[in-house]
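At position 100 of the sequence shown (counting the first as 1) the number is 99 in numbering that gives the first Met the number 0, and the numbers step up by one without a gap.
Ideal Cβ placement from N, Cα and C applies to all residues, glycine included.
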Amino acid sequence: MTAKIKLHQQDIDKLKEVCASFNHDPGELINVLHKAQSIFGYLPPEVQEIVSKELKVPLAKVYGVVTFYSFFTMIPKGKHPISICTGTACYVRGAENVLDEFKKLLNIKVGETTEDGKFSLSCLRCVGACGLAPVVMVGDKTYGRVAPDEVKAILDEYKD
């Protein structure tokens, strides 16, 4: 049994406002979950329970949607989430070597977050920028035609 996460009341209130803004419509579950993830950064069971109660949707259905769509995560992401596109064009142009360099420099595997919470690493199937392959995203910023020897410079941009 994992310990319950203590959510901040102001964030709970924001989530309830989001549910109200969608008229507590169960058909808006995905939209509500998108907003919830932007509030909390991820969707732990405690957040899913609130959404379930507010939209009057079974918790199992909320969990099913969260686990079905790859955009949603139940694991906290780093302050700077890094996503490497491994779609066909990016893969053919060396995305795997770029990914290996990120794993080496950050000392984490795909799906993990660095101990300091600064970076998390994930793969995407396609970001729709195939002409810029291989593509890396750090947060909302896109880097195109990335070579393994450029990875350190990208990470250096996010040294706080």
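{"Asked": "Residues bridged to Phe-118 (per DSSP)", "Found": "His-79"}
{"Asked": "Cβ-Cβ separation, Glu-100 to Pro-147 (assumed contact under 8 angstroms), whole Å", "Found": "4 angstroms"}
{"Asked": "Rounded straight-line distance, which links the Cα of Thr-113 to that of Asn-195", "Found": "This structure cannot speak to residue 195, because the chain is shown only from 0 to 159."}
{"Asked": "Residues bridged to Tyr-142 [DSSP beta-bridge criterion]", "Found": "Val-135"}
{"Asked": "Per-residue burial, Lys-91 [other beta carbons within 10 Å of its own, 16 or more giving buried]", "Found": "Looking at the sequence itself, residue 91 is Val, so the reference to Lys does not match. The residue in question, Val-91, is exposed, as its Cβ has fewer than 16 Cβ neighbours within 10 Å."}
{"Asked": "Length of the line joining the Cα atoms of Glu-95 and Cys-84", "Found": "9 angstroms"}
{"Asked": "Proximity of Ile-81 and Phe-118 at Cβ, strictly below 8 angstroms", "Found": "yes"}
{"Asked": "Nearest-angstrom Cα separation, counted from His-33 out to Val-64", "Found": "11 angstroms"}
{"Asked": "Straight-line gap, Lys-158 to Ser-37 (C-alpha atoms, nearest Å)", "Found": "23 angstroms"}
{"Asked": "Beta carbon of Pro-133 nearer than 8 angstroms to that of Cys-89", "Found": "yes"}
{"Asked": "Inter-residue CB distance, Lys-13 and Glu-53 (contact presumed, cutoff 8 angstroms)", "Found": "Their Cβ separation, rounded to whole angstroms, is 12 angstroms, which puts Lys-13 and Glu-53 out of contact at 8 angstroms."}
{"Asked": "Local Cβ density within 10 Å of Thr-72, reported as buried at 16 or more and exposed below that", "Found": "buried"}
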